[in-house]
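Taken in sequence, the protein lines are chains A and B.
If you number the first sequence the way the working numbering does, the last residue is 991 and the count never jumps.
If you number the second sequence the way the working numbering does, the last residue is 164 and the count never jumps.
Even for Gly, the Cβ is constructed at its ideal location relative to N, Cα and C.
Treat the numbers as computed from the prediction; the structure is a model and nothing was measured.
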Amino acid sequence: GNSVTQMEGPVTLSEEAFLTINCTYTATGYPSLFWYVQYPGEGLQLLLKATKADDKGSNKGFEATYRKETTSFHLEKGSVQVSDSAVYFCALRRNTGNQFYFGTGTSLTVIP
Amino acid sequence: GAVVSQHPSWVICKSGTSVKIECRSLDFQATTMFWYRQFPKQSLMLMATSNEGSKATYEQGVEKDKFLINHASLTLSTLTVTSAHPEDSSFYICSAGGGLDYGYTFGSGTRLTVV
Numbered sequence: 880g881n882s883v884t885q886m887e888g889p890v891t892l893s894e895e896a897f898l899t900i901n902c903t904y905t906a907t908g909y910p911s912l913f914w915y916v917q918y919p920g921e922g923l924q925l926l927l928k929a930t931k932a933d934d935k936g937s938n939k940g941f942e943a944t945y946r947k948e949t950t951s952f953h954l955e956k957g958s959v960q961v962s963d964s965a966v967y968f969c970a971l972r973r974n975t976g977n978q979f980y981f982g983t984g985t986s987l988t989v990i991p
Numbered sequence: 050g051a052v053v054s055q056h057p058s059w060v061i062c063k064s065g066t067s068v069k070i071e072c073r074s075l076d077f078q079a080t081t082m083f084w085y086r087q088f089p090k091q092s093l094m095l096m097a098t099s100n101e102g103s104k105a106t107y108e109q110g111v112e113k114d115k116f117l118i119n120h121a122s123l124t125l126s127t128l129t130v131t132s133a134h135p136e137d138s139s140f141y142i143c144s145a146g147g148g149l150d151y152g153y154t155f156g157s158g159t160r161l162t163v164v
């Protein structure tokens, strides 16, 4: 089947710290992989995506690389800011059909 | 970029009443829209797939008679929670979009509270 496993939170970091949120997946075929961010009280916003193995998605200082050999798509940022505080969801979408499968989300709090 | 508008952003209703949530694609046509439900501190769970001009496809365990979905046009899908109960209180989010290289766009969500 298809599933996404994310590291459990919550995660609390000091400003300018390095961030890693682990994400691994199980999928049939070759899915596309996504990271979405949800700020308090809001819907999901696409942060970055990768559609094939070895692709690197990047946006706003965040990046993640599609690793087929380890079935992973870990999210990283070199220096987090207070404004990065949110819940981050890793997701996959099969290339046949359009359904998304989400991880459970990781809450990040960045303190000044 | 693509924009999906969801309305209302929050609603409080009494038990036994029905609530309608709208999901609109503002600058593109969406033959398929998805409805998700998010419980507190949990991930999004797909409830149903809404197809323009045909019946929605519901996920296992979702009551189709309770969560009525209508996708009457290429830009509008509605979710009606019928005879709402407090356990229906949740955050409901729709998504639309398409194409292999395109991440689906999500609405801003609707927080439903049933009292």
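Determine which residues of the segment 65 to 81 of chain B have a Cβ less than 7 Å from any Cβ of chain A, and write them out in chain order. T81
Please confirm whether N977(A) has its beta-carbon closer than 8 Å to some beta-carbon of chain B. yes
To which residues of the same chain is T80(B) closer than 8 Å at the C-beta, ignoring the five residues directly before and after it?
N100, E101, L123, G147
- Which of the three DSSP states, helix, strand or coil, is assigned to V959(A)? coil
ask   = Which residue comes first and which comes last in the beta strand (DSSP E) that contains H953(A)?
value = It is not in any beta strand (DSSP E) - H953(A) carries neither H nor E in the DSSP assignment.
Margin query: So for E136(B), helix, strand or coil by DSSP?
Written below: Three-state result, E136(B): helix.
Can you tell me whether S893(A) is buried or exposed? The criterion is at least 16 other CB atoms within 10 Å of its CB, across all chains shown.
exposed
Point to revise | Residue-level contact to chain B via CB, F952(A), 8 Å cutoff | key: Not an interface residue.
For chain B, check one thing: does any of its Cβ atoms lie closer than 8 Å to the Cβ of E955(A)? no
>> Taking only three categories from DSSP, how would you classify Y945(A)?
In response: Here Y945(A) sits in coil by DSSP.
Quick check on T899(A) - is its C-beta less than 8 Å from some C-beta in chain B?
no
**Asked** Under 8 Å between C-beta atoms, does A61(B) make it to chain A?
**Response** As written in the sequence, residue 61(B) is Ile, which differs from the Ala given in the question. Answer no: the Cβ-Cβ gap between I61(B) and chain A never drops below 8 Å.
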